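Novice: Quick note on the working numbering: the sequence shown kicks off at 20 and runs consecutively.
Backbone N, C-alpha and C define an ideal beta-carbon position, used for all residues, glycine too.
On a predicted model such as this, the values are computed, not experimentally measured, just so you know.
Encoded as structure tokens, here's the structure I'll be asking about.
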Amino acid sequence: MFEFLLQNPPKPVQAWPPEPPPISINFTRPNAWADKHFGQWCRNLTLDRHTQCPSGSPFHWYICCGETMTDCCFGIQTWLIIMSFSIFAVIFALLIFTFWLGPSPPPLQKLQIPSDGETPIILSTSG
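See below:
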């Protein structure tokens, strides 16, 4: 009945990633900002696949995707998506209110009623 108390406790599993490949002595390091490539690296050390994506811009970026996460996929910057949606929402709200309220009514006109019983005279609204 209490046999489970006599069993040895399980040992934790330790998984260490493999060592990265050594860098060649002939590897040229960039010395100036113009020589550097700022594209994101998509690495999978298990499969030993390394892909460097093209560098992005303020309007787009590249993210790692695919089954092995070593492919580069195009993506729009988050701030651009938010700003585009915000501008669209404001314009849409303005159009809704414009059509909902309808055209503005004509301005009121002043009516002068003569005391001698003649027909009323409409005065201009500019005065």
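In this structure, does DSSP put F93 in helix, strand or coil?
Specialist: F93: strand per DSSP, three-state reduction.
Novice: Which two residues bound the contiguous beta strand (DSSP E) that contains T70?
Specialist: Unbroken beta strand (DSSP E) run through T70: R68 to Q71.
Novice: Is it true that the CB of G58 sits closer than 8 Å to the CB of S74?
Specialist: Going by C-beta atoms, S74 is nearer than 8 Å to G58.
Novice: Given a threshold of 16 other Cβ atoms within 10 Å of its Cβ, counted over all protein chains shown, does W80 qualify as buried or as exposed?
Specialist: Its Cβ being crowded by 16 or more others within 10 Å, W80 is buried.
Novice: Can you find at least 3 beta carbon pairs, one from the stretch 60-78 and one from the stretch 93-112, that sit closer than 8 Å?
Specialist: Yes, the stretch 60-78 is in contact with the stretch 93-112.
Novice: Given that a residue counts as buried once 16 or more other Cβ atoms are within 10 Å of its Cβ, and exposed if not, what is C92?
Specialist: Flag for C92 reads exposed.
Novice: May I have the straight-line CA-CA distance separating G146 from F116, to the nearest angstrom?
Specialist: Residue confidence is low: G146 scores 48 on pLDDT, short of 50, so the model does not pin down where it sits. Its coordinate-derived value is still stated next. If you take the alpha carbons of G146 and F116, they lie about 31 Å apart.
Novice: Which residue or residues does DSSP assign as beta-bridge partners of I60?
Specialist: For clarity, residue 60 is Trp in the given sequence; the question names Ile instead. Bridge partners of W60: Q71.
Novice: Is I110 helix, strand or coil when you go by DSSP?
Specialist: Reduced to three states, the DSSP call for I110 is helix.
Novice: Can you find the residues in the same chain that come closer than 8 Å, C-beta to C-beta, to T87, ignoring five residues on each side of it along the sequence?
Specialist: Excluding residues within five positions, the ones whose Cβ falls inside 8 Å are N63, L66 and R68.
Novice: Among I100, E38 and C84, which residue has its Cα nearest to the Cα of W60?
Specialist: Ranking I100, E38 and C84 by Cα distance to W60 puts C84 first.
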